[in-house]
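Trainee:
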Amino acid sequence: MKKSYLFTPGPTSVPPEALKEMSRPIFHHRTTRYRKMFENITDSLKKLFRTENDVLTFTSSGSGAMEASVVNLLSSGDKVITVNGGKFGERWGNICRIYGVDVIEIKTEWGASVNPCQVEEILKQGCNNEIQAVFVTLSETSTGVVNDVKSIAEIVAKTPAVLVVDAISGLGADDIRTDDWHVDVLITGSQKGLMIPPGLAFASVSEKAWGKIVKSSLPKFYFDMEKARKSLISFDTPYTPATSLIRGLKVVLDMIHDEGVDNVIARHAKYAKASRAAVKAMGLELFAPDSPSNAVTAVKVPEGIDGDSLIKHLLDEYGIQVAGGQAHLKGKIIRFAHLGYYDRFDVIMVLSGIEMGLKDIGYDISLGCGIKAAEELLVG
Ligand SMILES: *Cc1c(COP(=O)(O)O)cnc(C)c1O
């Protein structure tokens, strides 16, 4: 007998209550019953995003909402800033360039957060306020870094540019305050902190952003935000929504608001802190020690050990699924989440798996040292 444990930074495990709800018989979406549910969900999402702005729902993975924000805000030849500190920050540049947008990319070392002053400098150089948008990542899932979105937002808010934040793994784990901080477009997906399967993407849109959207001339059809906004007036979507996922979403949003958004974030912070203490106690090095995200912890694999072999061993031997490094970090780091439907014992399990896995493949570790460090911070 072997059990499976999903500790990847997306997709994350789904609570049984949501799984049950999603298995119920389908009902039609052009009905009062559906619209009532979707109205309730949209309100709940706004509370989670901490915004009064419209929150639009798309049937796609998170990247769909990333592409949506590019094609709705911009026109070909527009100048933008993207922050590339990992795989997902890099994606902003890739999407923009495909559409003929002129990208000024701020590259930060993977494992470090961006210095907000760098964004400020480029915005200042952009004479005649020609920069239209700034694209950043809240929690850079590929490196385990959280960026200082609050400071970046303060800078961008003083310019005509809009700030677009990929909070696909960050929302519900790291603090983000859409309206208080002046984030114009905040994006998330369903399969990370929201605890339901992949397939839904969300974007909140500020008035400043709508001002750009009416002028945008990039091509769009499925991801047309103005169409989505019009449908939202009657709590509807332009095209068939993923109704079963929406039902699951209702369940998890109720769970999140029962716990309270601040408490949810505090829980993630606690688990992240315990995980980092454990990793250090195991004699391992954190990949992002200076600005760690609450969603995911990235760990350098010790010299002489191949990260991908360790990951395969954890899965084959213990049924534990964690993630590896992407691009040049392949084999060099492992990443595990403490994101969404997690409690203290999920944290202990993944750490315990890593200790045992390391021991199996010959790393000199005294079993239990990481667990002890974590328990000290999780007890009580
Ligand atoms: C998972 C993730 C994405 C990609 O989302 P998909 O749902 O795979 O399209 C983008 N950005 C971040 C920060 C993520 O964690």
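First residue of the sequence shown? That's 138 in my numbering, and the numbers climb one at a time after it.
Built from N, CA and C at the ideal position, the CB exists for glycine as well.
Taking 8 Å as the threshold (C-beta atoms), are K329 and T518 in contact?
Mentor: Residue 518 is absent from the model: the chain starts at 138 and stops at 517.
Trainee: Could you check which residue in E257, K173, E396 and A202 has the C-alpha nearest to that of G477?
Mentor: Among E257, K173, E396 and A202, the Cα nearest to that of G477 belongs to E396.
Trainee: With a threshold of 7 Å (Cβ to nearest heavy atom), would E277 be considered close to ligand 1?
Mentor: Because some heavy atom of ligand 1 lies under 7 Å away, the Cβ of E277 counts as near it: yes.
Trainee: Can you tell me whether P152 is helix, strand or coil according to DSSP?
Mentor: DSSP places P152 in coil when its eight states are reduced to three.
Trainee: Could you tell me which of A294, M332, Y376 and P378 sits nearest to A346, measuring between CA atoms?
Mentor: Minimum Cα distance to A346 is reached at A294.
Trainee: Which whole-angstrom value describes the C-beta separation of A155 and I333, a residue pair presumed to lie in contact below a C-beta threshold of 8 Å?
Mentor: Yes, they are in contact, since the Cβ atoms of A155 and I333 sit about 6 Å apart, within 8 Å.
Trainee: Hey, would you say the C-beta of I313 is under 7 Å away from at least one heavy atom of ligand 1?
Mentor: No - ligand 1 has no heavy atom lying nearer than 7 Å to the Cβ of I313.
Trainee: Given F225, which residues of its chain have a CB within under 7 Å of its CB, disregarding the five upstream and five downstream residues?
Mentor: Taken in chain order, the residues that qualify are T274, E277, T278, S279 and D303.
Trainee: Would you call P162 buried or exposed, if buried means 16 or more other Cβ atoms sit within 10 Å of its Cβ?
Mentor: Exposed: under 16 other Cβ atoms inside 10 Å.
Trainee: Roughly how many angstroms lie between the CA atoms of V238 and S250, to the nearest whole one?
Mentor: C-alpha separation (whole angstroms): 24 Å.
Trainee: Using 8 Å as the threshold, is the C-beta distance between L193 and F339 below it?
Mentor: Contact: yes.
Trainee: Which whole runs of the alpha helix (DSSP H) in the segment 233-278 are 4 residues long or more, in chain order?
Mentor: The segment 233-278 contains these whole alpha helix (DSSP H) runs: 253-262.
Trainee: Is S198 near ligand 1 - that is, is its Cβ less than 7 Å away from at least one heavy atom of it?
Mentor: Yes, since a heavy atom of ligand 1 falls inside the 7 Å radius drawn around the Cβ of S198.
Trainee: Using the beta-carbon count (16 or more within 10 Å), is C254 buried or exposed?
Mentor: That one is exposed.
Trainee: Tell me the DSSP secondary structure of G348 in three-state form.
Mentor: Of the three classes helix, strand and coil, the one that applies to G348 here is helix, per DSSP.
Trainee: By DSSP, does A310 sit in helix, in strand, or in coil?
Mentor: Three-state result, A310: coil.
Trainee: Should G230 and V282 be called a contact, given that it needs their Cβ atoms to be closer than 8 Å?
Mentor: No, the Cβ-Cβ distance between G230 and V282 is not below 8 Å.
Trainee: Excluding the five sequence neighbours on either side, which residues of its own chain have a C-beta within less than 7 Å of the C-beta of F424, listed in chain order?
Mentor: These residues qualify, in order along the chain: G248, T280, G281, A435, V436, K437 and I470.
Trainee: Got a sec? Which residues, its chain only, sit under 7 Å from A270 by beta carbon, not counting five neighbours each side?
Mentor: Within the same chain, A270 has close Cβ partners L210, L211, V217, A298, V299 and V301.
Trainee: Would you check if there are 3 or more beta carbon pairs closer than 8 Å linking the segment 166-179 to the segment 310-323?
Mentor: Output reads no: the segment 310-323 does not touch the segment 166-179.
Trainee: Return helix, strand or coil for D483, following the three-state DSSP convention.
Mentor: Looking at D483 - three-state DSSP - the assignment turns out to be helix.
Trainee: Between the beta-carbon of I324 and the beta-carbon of S206, is there less than 8 Å?
Mentor: Yes, these two residues count as a Cβ contact at 8 Å.
Trainee: Report the start-end ranges of each beta strand (DSSP E) in the segment 449-512 that is 3 residues or longer and not cut off at the edges.
Mentor: Runs of the beta strand (DSSP E) inside the segment 449-512: 470-474.
Trainee: Where K184 and T145 are concerned, what is the direct C-alpha to C-alpha distance, given to the nearest angstrom?
Mentor: Their Cα atoms are separated by approximately 26 Å.
Trainee: Ignoring anything shorter than 4 residues, give me the alpha helix (DSSP H) runs that lie fully in the segment 348-377, in order along the chain.
Mentor: Entirely contained in the segment 348-377, the alpha helix (DSSP H) runs reaching 4 residues are, in chain order, 362-369.
Trainee: Can you check which of these residues, G263, A310, A202 and D483, is closest to F360 by C-alpha distance?
Mentor: Minimum Cα distance to F360 is reached at A202.
Trainee: Could you check the C-alpha separation between L390 and G441 for me, to the nearest Å?
Mentor: Distance between the alpha carbons of L390 and G441: 44 Å.
Trainee: By DSSP's criteria, P426 is part of a beta bridge. Which residues make up the other side?
Mentor: According to DSSP, P426 bridges with nothing at all.
Trainee: Taking 7 Å as the cut-off, does the CB of K329 come closer than this to any heavy atom belonging to ligand 1?
Mentor: Yes; taking the cut-off as 7 Å, the Cβ of K329 has a heavy atom of ligand 1 nearer than that.
Trainee: Please state the DSSP three-state secondary structure of I383.
Mentor: Helix, per DSSP.
Trainee: Check whether the Cβ atoms of L331 and I292 lie closer than 8 Å to each other.
Mentor: Contact flag unset, no.
Trainee: Could you check if G477 belongs to the surroundings of ligand 1, using beta carbon to heavy atom distance under 7 Å?
Mentor: Checking every heavy atom of ligand 1 against the Cβ of G477, none is found closer than 7 Å.
Trainee: Helix, strand or coil for K157, going by three-state DSSP, please let me know.
Mentor: In the structure shown, K157 sits in a helix (DSSP, three-state: H, G or I).
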